[in-house]
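Asks: In the UniProt record's numbering, the protein residues as written are 1 to 297.
Below you'll find the structure I mean.
Structure, rendered in structure tokens:
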């Protein structure tokens with residue numbers, strides 16, 4: 001397995017107004033992202049991650065059952081099947097965040113992981129679900145508990161053709177516990193596909209995830225969408241997707257405002273060097289952390 005792996009992070013605006021039919025949203029977003037994936041392949045990307053619920057607007061800005069129609073079973077839904085074909089075509093590992101229907105009335109915020117030969121490897125379901133008002137209107141916010149059940153299935157790491165990858169989704173990034181588990185499970189890189197707007201947490205965007213990378217000795221690929229989505233106008237999705245290395249260095253950072261395919265390199269030798277220097281896994285004391293799993297307020 002090569003020491004150097006080319007990583008692709010795709011950030012994009014969603015161009016269709018939120019009051020359009022759900023299927024119109026999905027079709028427009030999928031067509032747009034297929035072109036961006038083609039661009040990533042042409043530039044040599046071996047592992048590519050898309051943004052949170054890539055095939056539509058961030059519909060959690062409102063609370064309406066309309067958006068349940070955008071959920072699909074996984075892996076048997078049409079979008080997963082399509083992305084398996086795309087991964088095989090480009091010999092590329094794909095991380096594809098979607099809205100998953102586990103059964104009628106049970107939905108998750110999920111990312112499918114597809115190997116370079118088109119094999120579906122599994123999925124990660126977002127564990128931490130926010131529910132908070134945001135923007136100028138009291139009706140808009142990150143109303144995710146309306147749409148998503150908290151994830152099941154733990155914190156899997158997927159052994160792909162180009163490396164061992166983990167997934168953390170958006171709000172998960174505020175919780176270091178899962179980030180540590182992903183490292184203990186063997187992740188060399190963790191992707192965090194997101195939909196986050198300017199305001200309260202923007203200053204944390206380039207703080208928390210580099211800290212996860214340093215504390216756990218792996219790369220982090222952080223992806224955020226861009227633009228303002230009508231009709232909610234809850235704030236600006238500020239882009240700035242990036243790849244950060246295990247030393248906390250920003251390898252590459254995307255723009256704030258534009259669609260972009262960010263390509264950067266992951267160097268496995270850096271992982272080894274950092275872990276040999278900072279022996280965090282050797283020196284951790286799990287027997288002393290019982291309070292972490294107690295039911296505290």
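Note that CB positions come from ideal geometry on N, CA and C, so glycine has one too.
Please list the segments of the alpha helix (DSSP H) lying wholly inside the region 147–211, counting only runs of 4 or more residues, in order along the chain.
Replies: You should have 176–184, 202–205.
Asks: Express the C-alpha separation of residue 147 and residue 21 in angstroms, rounding to a whole number.
Replies: As a working mapping, residue 21 is identified with position 21 in the chain shown. As a working mapping, residue 147 is identified with position 147 in the chain shown. Roughly 18 Å between the two C-alpha positions.
Asks: Could you tell me the distance, in whole angstroms, from the CA atom of residue 245 to the CA atom of residue 213?
Replies: Translated into positions along the chain shown, residue 245 becomes position 245. Translated into positions along the chain shown, residue 213 becomes position 213. Going from the Cα of residue 245 to the Cα of residue 213 covers about 6 Å.
Asks: Who are residue 123's beta bridge partners in DSSP?
Replies: For the purposes of this step, residue 123 is taken as the residue at position 123 of the chain shown. DSSP output for residue 123 lists 112 as bridge partner(s).
Asks: Let's see if you can read the secondary structure: which residues bound the beta strand (DSSP E) around residue 131?
Replies: Translated into positions along the chain shown, residue 131 becomes position 131. Counting along the chain, the beta strand (DSSP E) containing residue 131 begins and ends at 131–133.
Asks: DSSP state of residue 143, grouped into three classes?
Replies: Indexing the chain shown from 1 puts residue 143 at position 143. Three-state DSSP puts residue 143 in a strand.
Asks: Helix, strand or coil for residue 216? Go by DSSP, reduced to three states.
Replies: Here residue 216 corresponds to residue number 216 of the chain shown, with the count starting at 1. Correct three-state label for residue 216: helix.
Asks: Do the region 271–285 and the region 8–21 touch if we need at least three Cβ pairs shorter than 8 Å?
Replies: Verdict: no, contact absent.
Asks: Taking the alpha carbon of residue 12 as the reference point, which residue from 56, 24, 192 has its own alpha carbon closest?
Replies: Position 12 of the chain shown, counted from the start, is the residue given in the question as residue 12. Residue 56 is the option with its Cα nearest to residue 12.
Asks: Could you check how far apart the C-beta atoms of residue 225 and residue 51 are, in whole angstroms? I think they sit under 8 Å.
Replies: One-based indexing of the chain shown puts residue 225 at position 225. One-based indexing of the chain shown puts residue 51 at position 51. 5 Å between Cβ atoms; contact.
Asks: The beta strand (DSSP E) with residue 34 in it runs from where to where?
Replies: If you number the chain shown from 1, residue 34 lands on position 34. Counting along the chain, residue 34 falls outside any beta strand (DSSP E), though it belongs to the alpha helix (DSSP H) covering 22–42.
Asks: Can you have a look at residue 123 and say buried or exposed, based on whether 16 or more other CB atoms are within 10 angstroms of its CB?
Replies: Within the chain shown, residue 123 is the residue found at index 123, counting from 1. Burial call: buried.
Asks: Go through the region 38–81 residue by residue and report every complete run of the beta strand (DSSP E) that reaches 3 residues or more, in order.
Replies: Segments of the beta strand (DSSP E) lying fully in the region 38–81: 47–49.
Asks: Can you find the residues in the same chain that come closer than 8 Å, C-beta to C-beta, to residue 160, ignoring five residues on each side of it along the sequence?
Replies: Your numbering for residue 160 matches position 160 in the chain shown. Here the set comprises 47, 93, 113, 115, 116, 121.
Asks: What separation, rounded to the nearest whole angstrom, lies between the Cα atoms of residue 75 and residue 235?
Replies: Counting from 1 along the chain shown, the entry for residue 75 is found at position 75. Counting from 1 along the chain shown, the entry for residue 235 is found at position 235. Straight-line Cα distance between these residues: approximately 33 Å.
Asks: Just verifying my parser: in three-state terms, what is the DSSP assignment at residue 276?
Replies: For the purposes of this step, residue 276 is identified with residue 276 of the chain shown, where counting begins at 1. In this structure, residue 276 counts as helix in the three-state DSSP scheme.
Asks: Can you name, in chain order, every residue of its own chain whose Cβ lies under 7 Å from the Cβ of residue 152, other than the five neighbours on each side?
Replies: The residue labelled residue 152 in the question sits at position 152 within the chain shown. Taken in chain order, the residues that qualify are 125.
Asks: Just the Cα atoms here: how many angstroms apart are residue 218 and residue 2?
Replies: Here residue 218 corresponds to residue number 218 of the chain shown, with the count starting at 1. Here residue 2 corresponds to residue number 2 of the chain shown, with the count starting at 1. Roughly 16 Å separates the two Cα atoms.
Asks: To the nearest angstrom, how far is it from the Cα of residue 62 to the Cα of residue 45?
Replies: Numbered from 1 along the chain shown, position 62 holds the residue referred to as residue 62. Numbered from 1 along the chain shown, position 45 holds the residue referred to as residue 45. Whole-angstrom Cα-Cα distance: 35 Å.
Asks: Counting along the chain, where does the beta strand (DSSP E) carrying residue 266 start and finish?
Replies: As a working note, residue 266 is residue 266 in the chain shown. Here the beta strand (DSSP E) through residue 266 covers 260–267.
Asks: Does DSSP put residue 103 in a helix, in a strand, or in coil?
Replies: By one-based count along the chain shown, residue 103 stands at place 103. If DSSP states are grouped into helix, strand and coil, residue 103 belongs with the strands.
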